[in-house]
């Protein structure tokens, strides 16, 4: 089955919207989606009449569990004034809305529709932290949960395997965290618009105010190495290795390529679409790689005719810091075992040769699970249009970016390449 | 937006499988899906190498709630030996797997894939009846539940509106139930392979054995009219108006039309695909019609170039008996207000001019919600291939059938027309 995947009709992104991410107990998913949708409508350079939207795809992980309401498709249809047009929900745990994006692309490519809205949303703040952990555990494989694993435990296991195999240490994780947090203050949507140094200084100020002994951390790495500042969750995953619980929504407007210029002079084209599935931890041949990511990467590269070296920048699913390192290797950005060195050398910094998570990543921007896939693509789209403000990648020839979205403990993965032509 | 919807590439069904439906507490969704999948593999006339399946779409309503496990895509991928190929879950309440079917069709039509497995599954028997009611309530609109409505309550309200508007009585519902139950004993997969007369006779036998007074019902209608035999749930919905709680799975193999003859000499083609969304009860203009069904019907008729009169037989979403009547009208099989007369006249009987629910329908065959959409299409496919055994529609020129799948209280609807060419 080595047939080259080619869409019957090209698809372009012509609009996007993303809420501010954070914890908003007094609001709900309809509020979030309306906020993202309103930004999307205003973002379309030449305007969009919402009546022209043919269909909607939305990703959500488990509102069934988090807010005790399922079947959100008609709720979204009603919210947007879209009844009786088709609305479809996709679910792939934390990759739920990247699947919605993908189905929207395929629906246009199939000839069925011309203009499709895709998006995602999640509200995690209505539950207690314990309930969120219980809900998220349903995204893991049933074998993992039965064996006593939590999400930080699964990723911690991958990290120890990575350390053992490649001689890396926790410093490799610190570098990922410091780098991503450096981008967050430049992103007005970020849940934690603070660098690690900001956190450190805030902690010092607090100690001073309380007339406690003031810790003397010489730099951010010393701060992250101090368990009093960065306590362990599931070794070697400490607090600053783990993304937060978040609320939010994101959406994007997709149109057939042949009509994209009716909406904007700067359409961003869908160049590659990849999706893969993966094994439960116990069945993996290699704890330092995701077969789902490799499959998604290969499919997207094959479809686009591009190679890993063509990807100028990317958003990568850093639910835990180790995931960013493993993903860089699985996607071929660097050779296996080299990611920790590449990050230390500054390759993935905003001003480095291959920036990763310019948005701040899941760690600093936030991770409303059902919204994340489209939120990542929103960042890539924004960067490719040169509209990322203070966090704009400083490359005047920015043309190709990609987003990698991982569901569960690696059970579902998407890799989507966008291109400015 | 009056553009005619046309797929860039045609799609055909070349295989199918359906479990026996019922309550199977000692088994699970993996067991069910494996059973349906095995039948599907064996059903492909010229054989299928499972390795050639490019992607999988599965519908499920709320395993999050019913069995406390979400993110079933990688579980299914692993079950089928399909890792790392893409598997995507769709959710549209009771229309979840019709959405999976639809996305499978679009994925092939888009040029992305050639061979796609679609299916659905649900296990409802692990919960108490109260928990199932709570889970299903999450498929209703949040306004309906907040107003105190249950599912039988919503459909009961539609029935009273229908009665008031068209002068029908509960006898119209009896006719639907008796007709569907007449087909069930002819379907080896049915959860209740019994006619209403069988239920009546069993009740008489039980009374005799217990030496109780033996009820003297003159016929099935008298039996259904007796609240001792058919107690009210939410008037005018009585027990025999409501489909059961069920477990089960269904799947079908879709391939690009241009390669269908490699798999069978009798491919069944996807002629029309329609999907719509609908309002919550309080916002409906008319309680005797579903805007989602009308939109889905119109879209499928437009795409196929067919009219309601071309649909020789159909599976219709009879979660409650009244739904079958309203749907017949919304799909244009009869004029508004005429369905109750048409059913009384025998139009929808197995040997009538336009058979409906030859499988026994949700009422008698069973309704494992996430499996139902594909289970309905499986029946249509089986009939069009002339393989429905004792329940085969007695028409030697059977060529066009359709399946109507409704999610929630009408929030999502699909209408899919299959054709033997």
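Protein chains in written order, with this note's numbering: chain A, -13 to 407; chain B, -13 to 407.
By construction, the Cβ of each residue, glycine as well, lies at the ideal position given by its N, Cα and C atoms.
Please tell me whether residue 41 of chain B and residue 243 of chain B are closer than 8 Å, where the distance is taken between their beta carbons.
no
Beta-carbon of residue 140 of chain B versus every beta-carbon of chain C: anything under 8 Å?
Structure shown: chain C not included; protein chains present are A and B.
Is it buried or exposed, residue 170 of chain B, if we count other Cβ atoms within 10 angstroms and call 16 or more buried?
buried
Please check if any C-beta of chain A sits within less than 8 Å of the C-beta of residue 51 of chain B.
yes
Let me know the secondary structure DSSP gives residue 237 of chain B once reduced to three states.
strand
Any beta carbon of chain B sitting closer than 8 Å to that of residue 92 of chain A?
yes
Residue 221 of chain A burial status per 10 Å Cβ neighbour count (16 or more: buried):
exposed
For residue 108 of chain B, count neighbouring C-beta atoms within 10 Å of its own C-beta (all shown protein chains included) and say buried if the count is 16 or more, exposed if not.
buried
Thinking C-alpha only, which one of B:348, B:198, B:91, B:192 is nearest residue -8 of chain B?
B:91
May I ask you to verify whether the region 10 to 27 of chain B touches the region 95 to 109 of chain B, counting CB pairs closer than 8 Å and requiring at least 3?
yes
To the nearest whole angstrom, what separates the beta carbons of residue 176 of chain A and residue 352 of chain A, a pair I think is in contact under 8 Å?
7 Å
Quick one: what's got a C-beta closer than 6 Å to residue 18 of chain B's C-beta in the same chain, skipping five residues either side?
5, 107, 234, 235
At the level of alpha carbons, what is the spacing between residue 415 of chain A and residue 230 of chain A?
Examination of residue 415 of chain A is not possible in this model, given that chain A is present from -13 through 407 alone.
Pick helix, strand or coil for residue 373 of chain B, following the three-state DSSP scheme.
coil
Under the three-state reduction of DSSP, which class applies to residue 57 of chain B: helix, strand or coil?
coil
Check distances from the C-beta atoms of the region 238 to 268 of chain A to those of chain B and list, in chain order, the residues that come in under 9 Å.
259, 260, 261, 262, 263, 264, 265, 266
From the DSSP output, in three-state form, read off residue 223 of chain B for me.
strand
Three-state class that DSSP yields for residue 391 of chain B in the structure shown
strand
Using the C-alpha atoms, what's the distance from residue 163 of chain B back to residue 195 of chain B?
27 Å
Pairs of beta-carbons, one from the region 128 to 147 of chain A and one from the region 62 to 71 of chain A, closer than 8 Å: are there three or more?
no
Taking Cβ-Cβ distances shorter than 7 Å, what residues in chain B pair up with residue 371 of chain A?
Per Cβ cutoff of 7 Å: no residues; residue 371 of chain A is ~25 Å from chain B at best.
Is any beta-carbon of chain A found at less than 8 Å from that of residue 414 of chain B?
Limits of chain B in this structure are -13 at one end and 407 at the other, which puts residue 414 of chain B out of reach.
Length of the line joining the Cα atoms of residue 408 of chain A and residue 322 of chain B:
As displayed, chain A neither begins before -13 nor continues past 407, which places residue 408 of chain A out of reach and without an answer.
If you measure from the beta carbon of residue 104 of chain B to each beta carbon in chain A, is any gap under 8 Å?
no
How is residue 41 of chain B classed by DSSP in three states: helix, strand or coil?
strand
Select from the region 298 to 317 of chain A all residues with a C-beta closer than 8 Å to any C-beta belonging to chain B, and list them in chain order.
none
Per-residue DSSP class, three states only, for residue 345 of chain B:
coil
Report buried or exposed for residue 88 of chain B, applying the criterion of at least 16 other Cβ atoms within 10 angstroms of its Cβ.
buried
Classify residue 101 of chain A as helix, strand or coil using the three-state DSSP reduction.
strand
Out of A:113, A:397, A:237, state which residue places its alpha-carbon closest to the alpha-carbon of residue 278 of chain A.
A:397
Using a Cβ distance threshold of 8 Å, determine whether the region 69 to 77 of chain B contacts the region 259 to 268 of chain A, with at least three qualifying pairs required.
yes
Closer than 8 Å, CB to CB, is residue 274 of chain A near chain B or not?
no
Apart from the five residues just before and just after residue 29 of chain B, which ones in its own chain have a Cβ nearer than 7 Å to its Cβ?
1, 2, 3
Please state whether the Cβ-Cβ distance between residue 46 of chain B and residue 356 of chain B is less than 8 Å.
yes
Cross-chain neighbours of residue 171 of chain B in chain A, by beta carbon under 9 Å:
Near residue 171 of chain B there are no residues of chain A at all, since even the closest Cβ is about 33 Å away, more than 9 Å.
In whole angstroms, what is the alpha-carbon distance linking residue 408 of chain B and residue 238 of chain B?
Since the first and last residues shown for chain B are -13 and 407, residue 408 of chain B lies out of range.
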